[in-house]
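For reference, the structure is listed below as structure tokens.
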Amino acid sequence: MFMGNQGAPVAAPIGPLNGPAVPQTVSFRIPYPWEENVPKFITDNYEDLLSFVEHVEEILRLGNVTDNAKKKEYFTSLLPYNRRRQWRTLDLYKSGSFNEFLNEIYKDYPEVQLERSGALERLNEICEEYKGVDRTKEGPLKRFGVEFEAEVNKLERPPALIVNTKAVSKYLQTLEPSFARDLWSMVQTSLLLKGGIWGFKTLANNGIDVETRKSDPIQLKDLVELAGTMAQTDVQALFTSQPFGTKPVNRNQLDALQNKQKIDQLKQDIGQLKADKTVSWEINSPRSFEPTTCKGLKGPKQLKRPRETNQKLTGLM
Numbered sequence: 001m002f003m004g005n006q007g008a009p010v011a012a013p014i015g016p017l018n019g020p021a022v023p024q025t026v027s028f029r030i031p032y033p034w035e036e037n038v039p040k041f042i043t044d045n046y047e048d049l050l051s052f053v054e055h056v057e058e059i060l061r062l063g064n065v066t067d068n069a070k071k072k073e074y075f076t077s078l079l080p081y082n083r084r085r086q087w088r089t090l091d092l093y094k095s096g097s098f099n100e101f102l103n104e105i106y107k108d109y110p111e112v113q114l115e116r117s118g119a120l121e122r123l124n125e126i127c128e129e130y131k132g133v134d135r136t137k138e139g140p141l142k143r144f145g146v147e148f149e150a151e152v153n154k155l156e157r158p159p160a161l162i163v164n165t166k167a168v169s170k171y172l173q174t175l176e177p178s179f180a181r182d183l184w185s186m187v188q189t190s191l192l193l194k195g196g197i198w199g200f201k202t203l204a205n206n207g208i209d210v211e212t213r214k215s216d217p218i219q220l221k222d223l224v225e226l227a228g229t230m231a232q233t234d235v236q237a238l239f240t241s242q243p244f245g246t247k248p249v250n251r252n253q254l255d256a257l258q259n260k261q262k263i264d265q266l267k268q269d270i271g272q273l274k275a276d277k278t279v280s281w282e283i284n285s286p287r288s289f290e291p292t293t294c295k296g297l298k299g300p301k302q303l304k305r306p307r308e309t310n311q312k313l314t315g316l317m
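Under full-length UniProt numbering, the first residue of the sequence shown is numbered 1, with each subsequent residue one higher.
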């Protein structure tokens with residue numbers, strides 16, 4: 001046996017002479033208020049308060065504290081003296097449950113209520129921060145989706161301040177315009193395929209309101225996921241005309257390829273113009289051809305014109 005940090009006896013682990021060490025199960029110990037690493041709330045910031053509450057609730061859970069009076073006593077013991085004295089004078093500290101006591105405290109922090117219920121103003125701030133985000137910025141796009149969806153989830157709680165169609169529209173309006181158009185085209189195409197292949201009658205038989213699907217074809221969560229997929233892959237290639245079995249190219253690659261083809265064609269045209277000035281060929285078939293005129297050749301092997309050759313042949317006959 002040896003003494004631990006707090007002076008409590010702890011069983012010594014089995015050393016190498018006695019065999020391999022065996023992990024010992026240590027029960028969770030609730031820290032004392034005077035310890036250095038305990039949660040603290042020493043500001044008036046509502047975010048600090050929520051963080052403090054969350055940490056204390058986790059300590060109480062791990063320590064298996066279920067009594068409301070003990071929860072409130074431990075919670076307030078971690079506060080500075082003046083705040084501890086004030087909160088212990090509240091009526092719900094003496095008679096209410098721990099959660100009721102917290103709700104009474106939250107009344108002095110209206111930002112907490114907004115944080116929990118959501119606010120359209122906060123949603124607008126998120127959209128303004130990420131305005132114009134496009135498919136090339138995968139990180140900001142994902143962070144925008146997480147923050148936007150979390151705020152919408154709050155606003156959708158009764159009484160709802162926003163519905164899915166409005167949330168989807170607001171999300172699309174925040175994206176870069178061409179990205180938003182491509183994203184919405186994929187949504188509409190998906191709905192069209194389901195209506196054409198499955199048939200809207202089949203959708204209705206499955207309990208799906210067809211008219212609602214037309215005006216509200218996708219849930220915000222699915223739209224955010226689809227946008228992330230488009231940022232990870234070259235979905236732009238789907239909007240170019242590419243035959244099946246060929247490797248799709250993006251628009252920049254396609255423009256470069258077309259420009260190269262134009263340059264190659266110009267080179268061929270220039271070469272043909274130069275050739276026309278010196279040599280004229282009569283092409284009988286794709287694989288055989290016969291020279292008819294060769295200008296500029298000198299020496300005894302100079303080719304004669306077909307007309308002269310025909311005259312000589314006529315004389316011999």
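Built from N, CA and C at the ideal position, the CB exists for glycine as well.
Pull up the DSSP beta-bridge partners for V133, would you.
L175
Member of T136, A150, P110 and V112 whose CA lies at the smallest distance from the CA of I126:
A150
Under the three-state reduction of DSSP, which class applies to V168: helix, strand or coil?
helix
Element boundaries [alpha helix (DSSP H), containing G145]
E138 to L155
Could you tell me whether the stretch 90-98 touches the stretch 128-141, using the rule of 3 or more Cβ pairs below 8 Å?
no
Own chain residues within Cβ distance below 8 Å of L123, not counting five before or after
F148, E151, V152, L155, I162 and K170
Is it right to say I42 is buried, meaning 16 or more other beta carbons lie within 10 angstroms of its own, or is it exposed?
exposed
R88 - DSSP class collapsed to helix/strand/coil
coil
So, does the CB of N99 fall closer than 8 Å to a CB anywhere in chain C?
Going by chain labels, chain C is absent from the structure shown, which holds only one protein chain.
For P140, which residues in the same chain have their Cβ closer than 7 Å to its Cβ, ignoring the five residues on either side in sequence?
Y130 and V133
Here's the rule: buried if 16 or more other CB atoms are within 10 angstroms of the residue's CB, otherwise exposed. What is I263?
exposed
What would DSSP say about D53, mapped onto helix, strand or coil?
Looking at the sequence itself, residue 53 is Val, so the reference to Asp does not match. In the structure shown, V53 sits in a helix (DSSP, three-state: H, G or I).
For R88, which residues of its own chain have a beta-carbon under 6 Å away from its beta-carbon, when the five flanking residues on both sides are left out?
T76
In the DSSP assignment, find the alpha helix (DSSP H) that holds T229 and state where it starts and stops.
L220 to Q232
R83, buried or exposed, once every other Cβ within 10 Å from all chains shown has been counted against 16
exposed
Is the CB-CB distance between F52 and K72 below 8 Å?
no
Is it right to say Y74 is buried, meaning 16 or more other beta carbons lie within 10 angstroms of its own, or is it exposed?
buried
Flag this pair as yes or no: are the beta carbons of L183 and L175 separated by less than 8 Å?
yes
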